[in-house]
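Undergrad:
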Amino acid sequence: MLLKRLIHILVISFALLMGFDSQAQRQKAPPTDAEIDAAPEEDRFDAGNGLMELKQYYQSLRMWKSLLKKYPDNPNFNYKAGVCQLEVISGRKNSINYLIKTVGKTAKNYDPTDFSEDKVPIDALFYLGRAYHLDAQFDKAIETFNELKSKLNPKHVLYNDIDKNIQWANNAKTMVAN
59 MLLKRLIHIL VISFALLMGF DSQAQRQKAP PTDAEIDAAP EEDRFDAGNG
109 LMELKQYYQS LRMWKSLLKK YPDNPNFNYK AGVCQLEVIS GRKNSINYLI
159 KTVGKTAKNY DPTDFSEDKV PIDALFYLGR AYHLDAQFDK AIETFNELKS
209 KLNPKHVLYN DIDKNIQWAN NAKTMVAN
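When we follow the working numbering, the leftmost residue of the sequence shown carries the number 59, and every step to the right adds one.
Dropping the structure here:
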(Lines of atoms letter the chains of each structure in order from A; the text may use other names.)
(Lines give C-alpha, C1' and ligand atoms only; values in the text may rest on other atoms or scores of the structure.)
Protein backbone atom coordinates (compact mmCIF):
# COMPACT_ATOMS: atom_id res chain seq x y z
CA MET A 59 0.00 0.00 0.00
CA LEU A 60 2.84 2.39 0.84
CA LEU A 61 4.59 1.55 -2.43
CA LYS A 62 1.36 2.13 -4.36
CA ARG A 63 0.90 5.50 -2.66
CA LEU A 64 4.51 6.50 -3.37
CA ILE A 65 4.15 5.56 -7.03
CA HIS A 66 0.85 7.43 -7.16
CA ILE A 67 2.41 10.59 -5.71
CA LEU A 68 5.34 10.37 -8.11
CA VAL A 69 3.03 9.98 -11.11
CA ILE A 70 0.88 12.94 -10.05
CA SER A 71 3.98 15.05 -9.33
CA PHE A 72 5.47 14.17 -12.70
CA ALA A 73 2.19 14.98 -14.43
CA LEU A 74 2.02 18.34 -12.69
CA LEU A 75 5.63 19.14 -13.59
CA MET A 76 5.01 18.20 -17.22
CA GLY A 77 2.10 20.63 -17.22
CA PHE A 78 4.46 23.60 -17.09
CA ASP A 79 5.64 25.27 -20.28
CA SER A 80 9.38 25.74 -19.71
CA GLN A 81 9.56 28.53 -22.32
CA ALA A 82 6.88 30.76 -20.89
CA GLN A 83 6.76 29.42 -17.32
CA ARG A 84 2.99 29.06 -17.69
CA GLN A 85 0.85 26.37 -16.17
CA LYS A 86 -1.18 24.23 -18.53
CA ALA A 87 -4.91 24.82 -18.26
CA PRO A 88 -6.72 22.30 -16.09
CA PRO A 89 -8.83 19.73 -17.91
CA THR A 90 -12.41 20.55 -18.82
CA ASP A 91 -15.29 18.72 -17.17
CA ALA A 92 -15.81 16.78 -20.40
CA GLU A 93 -12.17 15.69 -20.40
CA ILE A 94 -12.44 14.61 -16.77
CA ASP A 95 -15.65 12.65 -17.45
CA ALA A 96 -13.97 10.89 -20.39
CA ALA A 97 -11.02 9.67 -18.28
CA PRO A 98 -11.12 6.13 -16.87
CA GLU A 99 -12.82 5.97 -13.46
CA GLU A 100 -9.79 4.64 -11.62
CA ASP A 101 -7.62 7.40 -13.10
CA ARG A 102 -10.11 10.00 -11.82
CA PHE A 103 -10.05 8.28 -8.44
CA ASP A 104 -6.23 8.28 -8.28
CA ALA A 105 -6.08 11.89 -9.48
CA GLY A 106 -8.65 12.93 -6.87
CA ASN A 107 -6.61 11.30 -4.11
CA GLY A 108 -3.36 12.80 -5.36
CA LEU A 109 -4.84 16.27 -5.64
CA MET A 110 -6.22 15.99 -2.10
CA GLU A 111 -2.76 15.08 -0.82
CA LEU A 112 -1.43 18.18 -2.58
CA LYS A 113 -4.25 20.22 -0.99
CA GLN A 114 -5.62 21.07 -4.44
CA TYR A 115 -9.16 20.71 -3.11
CA TYR A 116 -11.00 22.48 -5.91
CA GLN A 117 -9.44 20.32 -8.62
CA SER A 118 -9.88 17.20 -6.49
CA LEU A 119 -13.55 18.09 -5.94
CA ARG A 120 -13.99 18.09 -9.73
CA MET A 121 -12.78 14.46 -9.83
CA TRP A 122 -15.14 13.37 -7.05
CA LYS A 123 -18.12 15.16 -8.61
CA SER A 124 -17.38 13.40 -11.88
CA LEU A 125 -17.35 10.00 -10.15
CA LEU A 126 -20.51 10.85 -8.21
CA LYS A 127 -22.39 11.28 -11.49
CA LYS A 128 -22.18 7.52 -11.91
CA TYR A 129 -22.00 6.52 -8.22
CA PRO A 130 -24.13 9.11 -6.39
CA ASP A 131 -24.53 7.01 -3.24
CA ASN A 132 -20.92 5.85 -2.85
CA PRO A 133 -19.99 6.83 0.72
CA ASN A 134 -16.26 7.05 -0.01
CA PHE A 135 -16.70 9.39 -2.98
CA ASN A 136 -19.20 11.48 -1.01
CA TYR A 137 -16.78 11.65 1.93
CA LYS A 138 -13.92 12.86 -0.24
CA ALA A 139 -16.15 15.35 -2.09
CA GLY A 140 -17.46 16.62 1.26
CA VAL A 141 -13.97 17.14 2.65
CA CYS A 142 -12.89 18.96 -0.51
CA GLN A 143 -16.03 21.10 -0.53
CA LEU A 144 -15.40 22.00 3.11
CA GLU A 145 -11.85 23.10 2.30
CA VAL A 146 -12.96 25.22 -0.68
CA ILE A 147 -14.00 28.60 0.70
CA SER A 148 -17.04 29.10 -1.54
CA GLY A 149 -19.82 26.61 -1.21
CA ARG A 150 -18.88 25.17 2.19
CA LYS A 151 -22.54 24.63 2.98
CA ASN A 152 -22.69 22.11 0.14
CA SER A 153 -20.33 19.81 2.04
CA ILE A 154 -23.23 18.75 4.26
CA ASN A 155 -25.00 17.26 1.23
CA TYR A 156 -22.03 14.96 0.64
CA LEU A 157 -21.06 14.18 4.22
CA ILE A 158 -24.59 13.31 5.36
CA LYS A 159 -24.46 10.32 2.99
CA THR A 160 -21.54 8.89 4.99
CA VAL A 161 -23.32 8.64 8.35
CA GLY A 162 -23.34 5.08 9.66
CA LYS A 163 -20.88 3.87 7.04
CA THR A 164 -17.60 4.09 8.96
CA ALA A 165 -15.02 1.32 9.10
CA LYS A 166 -11.88 0.86 11.18
CA ASN A 167 -10.05 -0.75 8.25
CA TYR A 168 -10.85 2.02 5.77
CA ASP A 169 -8.53 2.09 2.74
CA PRO A 170 -8.49 5.54 1.08
CA THR A 171 -6.58 4.21 -1.95
CA ASP A 172 -9.03 1.41 -2.84
CA PHE A 173 -11.39 2.38 -5.67
CA SER A 174 -13.95 -0.19 -4.51
CA GLU A 175 -13.98 1.06 -0.89
CA ASP A 176 -17.55 1.61 0.20
CA LYS A 177 -16.91 2.75 3.77
CA VAL A 178 -15.46 5.92 5.27
CA PRO A 179 -13.14 6.73 8.17
CA ILE A 180 -14.59 7.84 11.49
CA ASP A 181 -13.19 11.30 10.62
CA ALA A 182 -16.27 11.77 8.41
CA LEU A 183 -18.26 12.66 11.53
CA PHE A 184 -15.68 15.30 12.45
CA TYR A 185 -15.99 16.93 9.03
CA LEU A 186 -19.77 16.73 9.20
CA GLY A 187 -19.68 18.48 12.59
CA ARG A 188 -17.47 21.21 11.13
CA ALA A 189 -19.81 21.59 8.18
CA TYR A 190 -22.83 21.96 10.46
CA HIS A 191 -20.96 24.56 12.51
CA LEU A 192 -20.01 26.59 9.43
CA ASP A 193 -23.66 26.45 8.33
CA ALA A 194 -24.74 27.83 11.74
CA GLN A 195 -26.47 24.55 12.63
CA PHE A 196 -24.81 24.58 16.02
CA ASP A 197 -27.06 22.04 17.76
CA LYS A 198 -26.46 19.51 14.98
CA ALA A 199 -22.73 20.24 15.16
CA ILE A 200 -22.69 19.57 18.92
CA GLU A 201 -24.76 16.41 18.47
CA THR A 202 -22.41 15.15 15.75
CA PHE A 203 -19.29 15.92 17.79
CA ASN A 204 -20.77 14.14 20.81
CA GLU A 205 -21.59 11.11 18.66
CA LEU A 206 -18.02 11.10 17.37
CA LYS A 207 -16.60 11.38 20.89
CA SER A 208 -18.64 8.37 22.02
CA LYS A 209 -17.14 6.29 19.20
CA LEU A 210 -13.50 7.32 19.54
CA ASN A 211 -10.72 5.94 21.66
CA PRO A 212 -9.31 8.72 23.88
CA LYS A 213 -5.94 8.18 22.17
CA HIS A 214 -7.34 9.03 18.72
CA VAL A 215 -5.75 12.12 17.18
CA LEU A 216 -9.12 13.93 16.92
CA TYR A 217 -10.31 13.14 20.45
CA ASN A 218 -8.90 16.29 22.08
CA ASP A 219 -10.22 18.51 19.28
CA ILE A 220 -13.79 17.40 19.86
CA ASP A 221 -14.26 19.25 23.14
CA LYS A 222 -12.82 22.42 21.59
CA ASN A 223 -15.25 22.14 18.68
CA ILE A 224 -18.19 21.59 21.03
CA GLN A 225 -17.15 24.67 23.01
CA TRP A 226 -16.80 26.72 19.83
CA ALA A 227 -20.29 25.65 18.73
CA ASN A 228 -21.72 26.58 22.14
CA ASN A 229 -19.94 29.95 22.01
CA ALA A 230 -21.28 30.56 18.50
CA LYS A 231 -24.82 29.72 19.66
CA THR A 232 -24.51 32.26 22.46
CA MET A 233 -23.09 34.93 20.18
CA VAL A 234 -25.80 34.45 17.55
CA ALA A 235 -28.51 34.55 20.21
CA ASN A 236 -27.28 37.94 21.51
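For every residue, glycine included, the Cβ atom is placed at its ideal position computed from N, Cα and C.
Keep in mind the model is a prediction, meaning the values are calculated, not measured.
Helix, strand or coil: which one does DSSP assign to GLN85?
TA: strand
Undergrad: Give me, in chain order, the residues of the same chain whose beta-carbon lies closer than 7 Å to that of GLY149; leave out the 5 immediate sequence neighbours on both sides.
TA: GLN143
Undergrad: In the DSSP assignment, find the unbroken alpha helix (DSSP H) run with ARG150 in it and report its ends.
TA: Run containing ARG150: none; DSSP gives neither H nor E here.
Undergrad: Could you check whether TYR185 and GLY140 sit closer than 8 Å to each other, using their CB atoms as the reference points?
TA: yes
Undergrad: Going by CA-CA distance only, name the one from ARG102, GLN117, VAL146 and TYR168 that's closest to PRO133.
TA: TYR168
Undergrad: Tell me the DSSP secondary structure of THR160 in three-state form.
TA: Residue state, collapsed to three classes: helix.
Undergrad: In angstroms, rounded to a whole number, what distance separates the CA positions of SER153 and ASP95?
TA: 21 Å
Undergrad: Tell me whether the beta-carbon of ILE180 lies closer than 8 Å to the beta-carbon of ILE200.
TA: no
Undergrad: What is the residue span of the alpha helix (DSSP H) that SER118 lies within?
TA: 115-128
Undergrad: Work out the CA separation of ALA165 and ALA227 for me, nearest whole Å.
TA: 27 Å
Undergrad: What did DSSP end up calling VAL178 once you bin it into helix, strand or coil?
TA: strand
Undergrad: Rounded to the nearest angstrom, what separates VAL234 and ASP193 at their Cα positions?
TA: 12 Å
Undergrad: Out of THR171, PHE173 and LEU119, point me to the one whose CA is closest to TYR156's CA.
TA: LEU119
Undergrad: Figure out for me which residue from SER208, LEU109 and ARG102 has the closest Cα to the Cα of LEU126.
TA: ARG102
Undergrad: I need the boundaries of the alpha helix (DSSP H) containing THR171, first residue and last residue.
TA: Premise fails: THR171 is in no alpha helix (DSSP H) and is neither H nor E.
Undergrad: Tell me the rounded alpha-carbon separation between LYS123 and PRO98.
TA: Linking LYS123 to PRO98 through their CA atoms gives a straight-line distance of about 14 Å.
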